[in-house]
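Protein chains in written order, with the working numbering: chain A, 1 to 136; chain B, 1 to 136; chain C, 1 to 100; chain D, 1 to 100.
Ideal Cβ placement from N, Cα and C applies to all residues, glycine included.
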Amino acid sequence: MFALSQQPINAQSLRQQCQDPQAGGFVCFEGWVRDHNQGKSVTRLAYEAYPALAKSEGERILAEARQRFDIVQAVCVHRVGMLDIGDMAVWVGVSAAHRDAAFKACRYILDEVKSRVPIWKNESWTDGESGWVEQE
Amino acid sequence: MFALSQQPINAQSLRQQCQDPQAGGFVCFEGWVRDHNQGKSVTRLAYEAYPALAKSEGERILAEARQRFDIVQAVCVHRVGMLDIGDMAVWVGVSAAHRDAAFKACRYILDEVKSRVPIWKNESWTDGESGWVEQE
Amino acid sequence: MRPEIKSAQDSPARQLTVELYGRLKDQLGFVHSTRQTTATTPAQLWQELVAERLQQHKGLEAAQLAPESIRPVINDTFAAWDDTLTEGDRVAFLPPSSGG
Amino acid sequence: MRPEIKSAQDSPARQLTVELYGRLKDQLGFVHSTRQTTATTPAQLWQELVAERLQQHKGLEAAQLAPESIRPVINDTFAAWDDTLTEGDRVAFLPPSSGG
Numbered sequence: 001m002f003a004l005s006q007q008p009i010n011a012q013s014l015r016q017q018c019q020d021p022q023a024g025g026f027v028c029f030e031g032w033v034r035d036h037n038q039g040k041s042v043t044r045l046a047y048e049a050y051p052a053l054a055k056s057e058g059e060r061i062l063a064e065a066r067q068r069f070d071i072v073q074a075v076c077v078h079r080v081g082m083l084d085i086g087d088m089a090v091w092v093g094v095s096a097a098h099r100d101a102a103f104k105a106c107r108y109i110l111d112e113v114k115s116r117v118p119i120w121k122n123e124s125w126t127d128g129e130s131g132w133v134e135q136e
Numbered sequence: 001m002f003a004l005s006q007q008p009i010n011a012q013s014l015r016q017q018c019q020d021p022q023a024g025g026f027v028c029f030e031g032w033v034r035d036h037n038q039g040k041s042v043t044r045l046a047y048e049a050y051p052a053l054a055k056s057e058g059e060r061i062l063a064e065a066r067q068r069f070d071i072v073q074a075v076c077v078h079r080v081g082m083l084d085i086g087d088m089a090v091w092v093g094v095s096a097a098h099r100d101a102a103f104k105a106c107r108y109i110l111d112e113v114k115s116r117v118p119i120w121k122n123e124s125w126t127d128g129e130s131g132w133v134e135q136e
Numbered sequence: 001m002r003p004e005i006k007s008a009q010d011s012p013a014r015q016l017t018v019e020l021y022g023r024l025k026d027q028l029g030f031v032h033s034t035r036q037t038t039a040t041t042p043a044q045l046w047q048e049l050v051a052e053r054l055q056q057h058k059g060l061e062a063a064q065l066a067p068e069s070i071r072p073v074i075n076d077t078f079a080a081w082d083d084t085l086t087e088g089d090r091v092a093f094l095p096p097s098s099g100g
Numbered sequence: 001m002r003p004e005i006k007s008a009q010d011s012p013a014r015q016l017t018v019e020l021y022g023r024l025k026d027q028l029g030f031v032h033s034t035r036q037t038t039a040t041t042p043a044q045l046w047q048e049l050v051a052e053r054l055q056q057h058k059g060l061e062a063a064q065l066a067p068e069s070i071r072p073v074i075n076d077t078f079a080a081w082d083d084t085l086t087e088g089d090r091v092a093f094l095p096p097s098s099g100g
């Protein structure tokens, strides 16, 4: 399941979606808003998405992960709207029979979501300016 | 922080120990008791540890991870005693400024803990038997 | 009477909706607009938008709006730069993603 | 009078505590025991324990108790097989870890 969320991401309930008696390993990634980025001091940020395409591209990435790796469940939610320092921007969770597949699939999903899902980050800095940030 | 726990592992409170305004990525691994292992149907299992050495070896592994990877916090807790299917056996959490270090350090800690920390798994099977299980 | 054959050049203007995302909103100066255009492909439409903007804003450089890193979308589907635009299409231009 | 020089062989018996972990408890048939021994190293002590057990249990094979995968511990510290044992030491033998 891939979703965009206007509300704070509830990691606990997403984790439950990954539970399964056949799963022996669970890996999750959380992206948090940092107080600095590319040398600038960040006060908050906003994520904008193209919702229809974000949803379909996100689901396509999860399907690819299920094909490439021997996993049980895979879930990803990306936050949109205004976020403060420490807020969770993205959550990726993968359960699998064995740890290796869980680690690799989690990393694959995260990397693909960052580069392919149409979501854009706008940072606000301590100097009062703000701007769109391209991938590092 | 490395610890052994007789009680169910509280992932939420451990996750909070990893939070930091400088951290932009957080990776955690949870090991869950599976209903099968190496072709046998498992009903429950017990972990036994050598507590003094488990603690010191676990802390040594976390220190190694902090030296090798650019991370902010690293925490690992391993359960001991009787566990049921679905219970959490081990939790590893790592926060870092960037995702790559968080993924690599989490995997490093998990692999080293599994192979070096003196903890042993005793499985109970549906045939009524039980036995000590060596690493796969 | 000869049948009427239209080239892209002399095709009549069609009405399209254009949506911009991320930095492209700042660079082209709008978010959403409905316009009449004779452009028949996303490539032509993009060229038209960039040409208008460069005329208004001498400071902006064409390189910042090069299509290489931009993806066109027609009616919520990723499109090719030379796909055909038809009356009423919603055309979006997306800069590289920066989620996560 | 010559000073008394003791070799490992004729050293007097010392009292040690032996602890076993994981599968070694099943294989050697005890968890914890206090014993008198003339062994002066973990290697000698292990050899002694294995010899006793093989004599009692003909089914057991020496290969299952080969020291290659086992780690000796003296007083809560990882030790070498040829470290010196002294009176009152707590000696543990650990099979390969299987946590996680």
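- Boundaries for residue 8 of chain A: no beta strand (DSSP E) harbours it, and the DSSP string shows neither H nor E there.
- Straight through space, the alpha carbons of residue 17 of chain D and residue 103 of chain A are spaced by roughly 43 Å.
- For residue 57 of chain B, same chain residues with a beta-carbon under 6 Å away, outside a window of 5 residues either side, are 116, 117 in chain order.
- Only those residues of the segment 58–86 of chain B whose C-beta falls short of 8 Å from the nearest C-beta of chain A are listed: 85, 86.
- Note on residue 59 of chain C: under 16 other CB atoms within 10 angstroms of its CB, so exposed under the neighbour-count rule.
- When DSSP states are grouped into helix, strand and coil, residue 73 of chain B belongs to the strand group.
- A direct Cα-Cα distance of roughly 5 Å separates residue 94 of chain D from residue 71 of chain D.
- Listed along the chain, the chain D residues whose CB falls inside 8 Å of the CB of residue 109 of chain B amount to none; the nearest CB is some 10 Å away.
- Put simply, the segment 80–95 of chain B does not touch the segment 84–91 of chain C. Fewer than three CB pairs are less than 8 Å apart.
- Annotated as distal: residue 121 of chain B and residue 69 of chain D, with beta-carbon spacing of 8 Å or more.
- Here residue 50 of chain C has 65 as same chain residues with Cβ atoms under 6 Å from its own Cβ, once five neighbours each way along the sequence are excluded.
- Where residue 58 of chain C is concerned, there is no enclosing alpha helix (DSSP H), because DSSP gives it neither an H nor an E.
- The C-beta of residue 91 of chain C comes no closer than 8 Å to any C-beta of chain A.
- If you keep only unbroken alpha helix (DSSP H) runs of at least 4 residues inside the segment 33–70 of chain A, you get 51–68.
- Inclusion of residue 3 of chain A and residue 113 of chain A in the CB contact set at 8 Å is not warranted, their separation being larger than that value.
- Nearest to residue 22 of chain D by alpha-carbon distance, out of B:67, B:110, B:107, B:45, is B:45.
- Nearest Cα to residue 90 of chain D within the set D:42, D:62, D:67, D:96: D:42.
- Neighbours of residue 19 of chain B in chain A, taken as residues at a C-beta separation under 7 Å, are given in chain order as 86.
- Taking a cut-off of 8 Å on C-beta distances, the segment 30–43 of chain A does not touch the segment 64–76 of chain A, as fewer than three cross pairs fall below it.
- About 19 Å separates the beta carbons of residue 62 of chain A and residue 76 of chain C, which is beyond the 8 Å limit, so they are not a contact pair.
- Per DSSP, the unbroken beta strand (DSSP E) holding residue 119 of chain A starts and ends at 119–125.
- Closer than 8 Å to the CB of residue 42 of chain D there is not a single CB belonging to chain B.
- Between residue 119 of chain B and chain D, the shortest Cβ-Cβ separation is below 8 Å.
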